[in-house]
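In our numbering, the protein residues as written are 178 to 397.
Backbone N, C-alpha and C fix where the C-beta goes; we use that ideal spot for every residue, glycine too.
Data first, discussion second: the structure below is written as structure tokens.
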Amino acid sequence: MVDLTNVHAAPSPDLLTPDNAMMLFVDHQPQMFFGTGSGDRTAIINSTVGLAKAARIFDVPTVLSTVAAESFSGPILPQLKAVFPDQEVIDRTTMNAWEDEALVEAVRATGRGKIVLSGLWTEVCLVLPALSALEQGYEVYVVADASGGVSPLAHEHALQRMTAAGAVPVTWIQVLLELQRDWARAETYVPVTELVEEHGGAYGLGLVYAHAMIDPHAAG
């Protein structure tokens with residue numbers, strides 16, 4: 178039963194904020210996309226780039242990682258790298274990113290306790306680090322639409338496995354709006370609405386229409 182004496186206007190500590198979260202992008206690479214069959218690959222790319230730009234808008238610490246980039250999987254998604262042109266990409270041999278010392282140190286160095294995780298494939302390159310990070314006390318938020326598996330079944334079962342272990346499934350728009358959370362935050366209002374217009378599909382078109390036809394300051 179709710180204790181009415183404790184009810185007040187304040188956000189839950191479970192919410193993602195620019196000060197408590199970091200983002201980890203794992204293996205968004207050509208060879209991994211070739212094998213992705215759980216959803217439209219162009220849509221996954223759009224969501225991945227939208228998520229990356231959200232991190233840039235809110236200055237959320239970000240770690241980029243690839244696996245066997247030179248010998249098998251190819252370079253990181255160019256559109257993703259373009260968001261962070263000066264950022265080092267940590268290349269690994271391990272399928273489980275959490276078994277790579279450099280990657281774990283990069284995550285630890287952010288000082289954040291919430292990991293916003295996305296990558297390919299969901300059933301390998303997300304499940305393995307998600308379970309490993311959860312076991313070590315991190316909170317893990319898996320961005321389902323910026324990730325993909327080899328089949329719809331593989332993707333869904335992987336999400337179920339991570340959720341059962343304590344991870345939280347989210348979408349990139351959900352992360353973006355959770356970071357903004359108040360349209361009165363003027364310093365990020367314009368970048369956020371511009372990002373939605375660029376990558377937000379029908380929602381973005383709605384904002385374009387609202388700004389043009391109703392009110393240039395209309396929000397979500």
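Run through DSSP, which three-state label would Ile292 get? Of the three classes helix, strand and coil, the one that applies to Ile292 here is strand, per DSSP.
Please state if the CB of Asp204 and the CB of Val266 are separated by a distance shorter than 7 Å. Going by C-beta atoms, Val266 is not nearer than 7 Å to Asp204.
Figure out for me which residue from Ser248, Leu193, Ser250 and Pro252 has the closest Cα to the Cα of Ala232. Among Ser248, Leu193, Ser250 and Pro252, the Cα nearest to that of Ala232 is on Leu193.
At what residue ranges does the stretch 241-322 contain a whole run of the beta strand (DSSP E), taking only runs of 3 or more? Secondary structure remark: continuous beta strand (DSSP E) runs of at least 3 residues inside the stretch 241-322, in chain order: 266-269, 291-296 and 316-320.
Just to confirm before moving on: does the CB-CB distance between Ala279 and Ile292 stay below 7 Å? Cβ distance not < 7 Å, so Ala279 and Ile292 don't count as in contact.
With burial defined as no fewer than 16 other Cβ atoms inside 10 Å of the residue's Cβ, what is the status of Met339: buried or exposed? Result: buried.
To the nearest angstrom, how far is it from the Cα of Gln313 to the Cα of Pro262? Gln313 and Pro262 have their C-alpha atoms some 31 Å from each other.
Per DSSP, which one or two residues make a beta bridge with Thr239? For Thr239, which the question treats as bridged, DSSP gives the partners Met200.
According to DSSP, which residues form a beta bridge with Val345? Val345 has Tyr318 as its beta-bridge partners, per DSSP.
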